[in-house]
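Chains as they are written, first to last, in the numbering used here: chain A, 1 to 398; chain B, 399 to 787.
Worksheet: the structure to be examined is printed underneath.
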């Protein structure tokens, strides 16, 4: 345990790491602000449109979808729709009677903010039921055809989608954008490369590895402590950045409806997960961290091979880019940690993998394969360090 | 001159530059082949027919080309109609037992079918005609795939980026890490001349490599697609449709290459400056990569990266030729700017600012490198340590 603390102190409690962490946090917040400026419809800022939207949302339409609410909304919306979309005879003058100041502004605000999302929420139940019914129809067919795997996967789909419904209406803009935001993961990767490359290289640069290999706890214990402390570092940094993400997005877009279902987002209409928003925020962060740990194990492996910092640094960065390219241009999902780091694609669709005749969720297989990949690199790192230790012992005896 | 060759030897042999350069050139060629997404695949598939039409309308749009395209369009339409009639006649004949012999049908339908076969190629040229028609003054008909692949993207050249890091970061960092800097400073030519020689060597390498990479790109796409008609205006490519620059395609390529060269030179100054300041390889690499990659990946408004006083904009190049681009989607309340053109005054300000920053960096770096104060402090600390023991 002590050795772990020493390793953490040696490698990760450094003034420049702290300064860079602060700087990158600021950069991350600024980037989120920039992102928000480019991609927002309703903000927490005091513009006419936003004030009107939040007043209506908080005062009238938030929460359980009832017939009264739908009727009330339609009462305001229908005449505007008639004016702006059908007859196109709306006035372009400023009008103090309206919510936003302009007739067309009202129409767009109601259309984007209430009508479309509420319609989606209301219709989702029947859509999910349709999927479940189709799956149930398929059951009979696959039973007669004797296809056990397809039978089981349809059974799973039927039970997944059967009970789905969105009973409450919440504004989801913040979640849509939060789940699309990847830049913080890139910052974590940069910080991981910065701190993890020297973990093994620094010992060799200062020729400390010779002394380490002769000391009692310099072999296995030190390597284990180094790997463990690196993982701890990555976890702490990630948790920090993802917290900043969540806080910044809630601040800019407004936090509401943490208890809403994940499939209330159009992007996640066909998600295999029956979780709430807060559940997915936690789950997604955890999956991202697994991906980041897998990349970290590659960095540690590279750090253990080379004697100087230059090549492992460049190669680590190169590997990250290569994995990003592979993720973008090919359809190979397995063993690629980037798939976990940008995990929304993975959770968007319900897919199964046939393992011994049992349908297993694709995302589970992807996560497991990445974990295996990481373990392989950790073992390789251990082996390399062991080999080096033996070599230096041999050199010494000569 | 001799110590110059020693520096070259250090970079190429001891820092393994002689390995890295060919390796990354190879990588560059590979990435050209893999990442080439400029090509319009349907154009490549129907290249023969497309070229047949292009040869007749190539260049600026005239009344003749316009009437030719209209006539051709009508011809194809009428051929389609006639063929349809022919077949319906044939099948009617079958129904009423007056069968037209197969040979007669074939000979009658053949000219129409030949006309229709070229339809896909013609559709491509017709689409281009629709684009050219909007502004015939500076939009010409030409074969676009080659020039699109060469110019119409703003992708960071990662192979060059890594190569510069590999070659330039160790130039100073290695001296610091092996504590060679103290010995060098005590030598006759190890001070200002050495720094200047290192900078000069870095500039020479960067210039050569940058030109080589530009040449490589040009040759590759010339070989792959062909880069003819370089004297046509840049607006002939849809990517630059709203460009306000009055340049030809070839001129744009030359200017992009010069911008890239300038960007890479500034980047190399940045690497050297950071390495003299931090004296650590890892920090040098982190700061120089972050200064490029963070704005590259982080900025949602892509044009801002050309307005920052960083080498990044020049390392990308093409964006300086783009015009305003506004996107309007049904999900957004207001139309969004995809790109904003970089005005000439803005461009001049950024260039001057970057040159000033680079010169200051070189000055500060030289001053810091030959600073006696720090050496004295180091010697004192060594003495103190020796005294303690």
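Using N, Cα and C, we set each Cβ at its ideal position, and we do this for glycine too.
Across the structure, residue 714 of chain B and residue 606 of chain B are spaced so that their CA atoms are roughly 18 Å apart. Contact check for residue 654 of chain B against residue 768 of chain B fails: the beta carbons are separated by 8 Å or more. Taking every protein chain shown into account, the CB of residue 184 of chain A has 16 or more other CB atoms within 10 angstroms, so this residue is buried. In this structure, residue 401 of chain B lies near residue 595 of chain B, with their beta-carbon atoms less than 8 Å apart. The beta carbons of residue 309 of chain A and residue 197 of chain A sit closer together than 8 Å. In the DSSP annotation of this structure, the continuous segment of the beta strand (DSSP E) that includes residue 354 of chain A starts and ends at 352-355.
The beta carbon of residue 339 of chain A lies closer than 8 Å to those of 291, 327, 333, 345, 346, 366 and 370 in the same chain, with the five residues before and after it left out. Where residue 117 of chain A is concerned, the enclosing alpha helix (DSSP H) starts and stops at 116-145.
With respect to chain A, the C-beta atom of residue 568 of chain B has a partner C-beta closer than 8 Å. Judged by their CB atoms, residue 316 of chain A and residue 12 of chain A are not nearer to each other than the 8 Å cut-off. For residue 198 of chain A, the neighbours in chain B by C-beta distance under 7 Å run, in chain order, 680.
Judged by DSSP secondary structure, residue 737 of chain B falls outside any alpha helix (DSSP H) and instead within the beta strand (DSSP E) spanning 734-737. Close partners of residue 130 of chain A in chain B (Cβ separation under 9 Å) are lacking, with about 25 Å as the shortest Cβ gap. Looking at the DSSP output, residue 168 of chain A sits in a beta bridge with A/64. DSSP places residue 158 of chain A in the helix class (H, G or I) of the three-state scheme. Here the C-alpha atom of residue 694 of chain B lies approximately 21 Å from the C-alpha atom of residue 670 of chain B.
For residue 332 of chain A, the secondary structure class from DSSP, reduced to helix, strand or coil, is coil.
Along the region 29-54 of chain A, the positions whose C-beta sits under 8 Å from a C-beta of chain B are 31, 34, 35, 37, 38, 39, 41 and 49, read in chain order. Of all residues in the region 682-714 of chain B, the ones placed with a Cβ closer than 7 Å to any Cβ belonging to chain A are 683, 684, 687, 688, 692, 695, 696, 697, 698 and 699, in chain order. Residue environment analysis places residue 116 of chain A among the exposed positions, since fewer than 16 neighbouring C-beta atoms fall within 10 angstroms of its C-beta.
About 25 Å separates the beta carbons of residue 624 of chain B and residue 717 of chain B, which is beyond the 8 Å limit, so they are not a contact pair. With contacts defined as CB atoms closer than 8 Å, residue 708 of chain B and residue 689 of chain B qualify as a contacting pair. Interface annotation, residue 450 of chain B: not in contact with chain A, CB-CB separation never under 8 Å.
310, 311, 313, 314, 317, 318 and 321: these are the residues of the region 310-321 of chain A whose beta carbon lies less than 9 Å from some beta carbon of chain B, given in chain order.
For the pair residue 232 of chain A and residue 8 of chain A, the CB atoms are nearer than the 8 Å cut-off. DSSP places residue 532 of chain B inside the alpha helix (DSSP H), whose first and last residues are 517-532. At a cut-off of 8 Å between C-beta atoms, residue 16 of chain A counts as an interface residue with respect to chain B. Contact between residue 633 of chain B and residue 536 of chain B is confirmed by a C-beta separation of about 4 Å, below the 8 Å threshold. Counting only residues of its own chain and dropping the five nearest sequence neighbours on each side, residue 302 of chain A has a CB closer than 7 Å to the CB of 312, 315 and 316.
Boundaries of the beta strand (DSSP E) around residue 725 of chain B: 723-725. In this model, residue 26 of chain A and residue 639 of chain B are separated by some 37 Å (Cα to Cα). At least one C-beta of chain A is nearer than 8 Å to the C-beta of residue 734 of chain B. Inter-segment contact for the region 260-267 of chain A and the region 42-58 of chain A is absent: fewer than three beta-carbon pairs are separated by less than 8 Å.
In chain order, 310, 313, 314 and 317 make up the part of chain A whose C-beta sits under 9 Å from the C-beta of residue 563 of chain B.
Of the candidates B/783, B/534, B/777 and B/782, the residue whose Cα lies closest to the Cα of residue 577 of chain B is B/777. If you look at residue 359 of chain A, you'll find it isn't in any alpha helix (DSSP H); it sits in the beta strand (DSSP E) that goes 358-361.
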